[in-house]
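Everything in the sequence shown is counted per the numbering used here, starting at 41 for the first residue and increasing by one. This report refers to the structure that appears directly beneath it.
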Amino acid sequence: MSIINYLKEVNAETKNIKWPTKKVTTYFTIGVILVSILFALYIGLLDFVFTEIVNRFLI
């Protein structure tokens, strides 16, 4: 397969891609940010609780 044919096929396949709309992209971005914040809060809470447990046994 030549490079020219390969690039033509890539171009043809690229036209078949259905890109998400700006609205969908915004919703997904907000969702990812919210899940990341919730996960960070959860991990932070676990860290705080385990730190307190360890401190009570060692101090």
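The C-beta atom is built at its ideal place from N, Cα and C for all residues, glycine as well.
- Message: How far does the alpha helix (DSSP H) with N56 in it extend, from its first residue to its last?
- Response: No alpha helix (DSSP H) holds N56; DSSP gives it neither H nor E.
- Item | Straight-line Cα distance separating T61 from A52 | 21 Å
- Task: Work out the CA separation of I70 and L98 for me, nearest whole Å.
- Result: 42 Å
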